[in-house]
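A.B. asks:
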Amino acid sequence: MPLKHLRLTGDDFSSGHFDVYECLNSQKLDVKLSMKPVVYLQRLTDAECLFNTSPTNIVVIETNHETETNYDSSNPSCCGNSTLSFDLYCSGFTNITNIDYSSVCISNMAAKHPNCRGLEWYQMDARKLSFSDSCFDVVLEKGTLDAMLADERDPWNMSPETAKTLQCILKEVSRVLCPGGRFVSITFSQPHFRKRHYARRELDWSIQHYSYGSGFHYFMYVMTKGEPLSPQDSELEDKLLKVTCPSLTPCLEGSDSEDYLNKIEL
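The sequence shown begins at 1 in the UniProt record's numbering and counts up one residue at a time.
#1: Going by DSSP in three states, Y212 sits in which element: helix, strand or coil?
#2: Exposed or buried, which one is S159 when buried takes at least 16 other CB atoms within 10 Å?
#3: In whole angstroms, what is the alpha-carbon distance linking L119 and D238?
#4: Just list the residues that DSSP pairs W121 with in beta bridges.
#5: With distances taken Cα to Cα, identify the nearest neighbour of S85 among W121, Q208, S103.
#6: What does M220 pair with, by DSSP beta-bridge criteria?
#7: Tell me whether L240 sits in a helix, a strand or coil according to DSSP, three-state version.
#8: Which same chain residues end up closer than 6 angstroms to V184 when comparing Cβ atoms and leaving out the 5 residues on each side of it in sequence?
#9: For a test of the three-state rule: what should DSSP assign to C105, helix, strand or coil?
#10: Rounded to the nearest angstrom, what separates I96 and S130 at their Cα positions?
#11: Just reading off the beta strand (DSSP E) that K142 is part of, what are its end residues?
#12: Would you mind stating whether R127 and T165 have Cβ atoms separated by less than 8 angstroms?
#13: Tell me whether C178 sits in a helix, a strand or coil according to DSSP, three-state version.
#14: Below 8 angstroms on the Cβ atoms is my guess for K171 versus D204; work out the distance and round it to an integer in Å.
#15: On the criterion of 16 or more Cβ atoms from any shown chain inside 10 Å, does T187 qualify as buried, or is it exposed?
#16: Out of L177, Y210, D151, point me to the one whose CA is closest to P191's CA.
#17: Going along the chain, which residues of its own chain have a beta-carbon closer than 6 angstroms to the beta-carbon of Y89, five neighbours each way excluded?
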């Protein structure tokens, strides 16, 4: 049974771009990541392994900006400059819906591809998606969450505000996924930092992760809707949500009237 939708979220990883191609003959999904230094990731995985089968419709969601003033058309690190959706369109995916928080970005990209029938652009917030439940088969997030977490100082201890926003986005992703659908997250974040935030029973998905590169690695997390977390991943959630109270060391408070100076023996 063919996939109904493929939903993609993406950014430019602050430099370069990330292009996804499907070779229709070999059914392989080749991924090229152009960075500084340039790294090419080919034969990332079988399309069947990653998406279950070849997707027919695609949704692309760009980075969730706090304000539209963050968008700068002259800055290649801003969202909207990625060729991801157009490359997918040229690869045979002719039903692609692109989503970005910035209406400026959406307008510019729509004007850039006016003759691509089926390539649509909508302004939307990833924290509150205007889609019905269980309407997409694949969500592909590419650097969006990395951009959102860029201001965090401590990767081990995420601020409450950011953690709340992250879980809000993940809940929306889970909500719009069909049973058996995949959420694919491509990121710089290592498993010990990122995986524990994906490992939530309420999100109703299993987790697999892969790493690519030499020296400087990229990580891909594949969550499958409707599959339970492994015991190890369930333990990650328990550790993250466990509230620990620091042990209190009893101490005696000194009196304000005590004569400390005269009691010092020289």
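Just so you know, even glycine gets a beta-carbon here, dropped at the ideal spot from N, CA and C.
C.D. replies: Let me lay it out:
#1: strand
#2: exposed
#3: 42 angstroms
#4: N98
#5: W121
#6: BP columns for M220 point to I186, Y210.
#7: helix
#8: Correct list, in chain order: L140, V222.
#9: If DSSP states are grouped into helix, strand and coil, C105 belongs with the helices.
#10: 16 angstroms
#11: 136-142
#12: yes
#13: strand
#14: Contact flag wrong, Cβ pair sits at about 10 angstroms.
#15: buried
#16: For the set L177, Y210, D151, the Cα lying nearest the Cα of P191 is the one of Y210.
#17: I96, C116, L119
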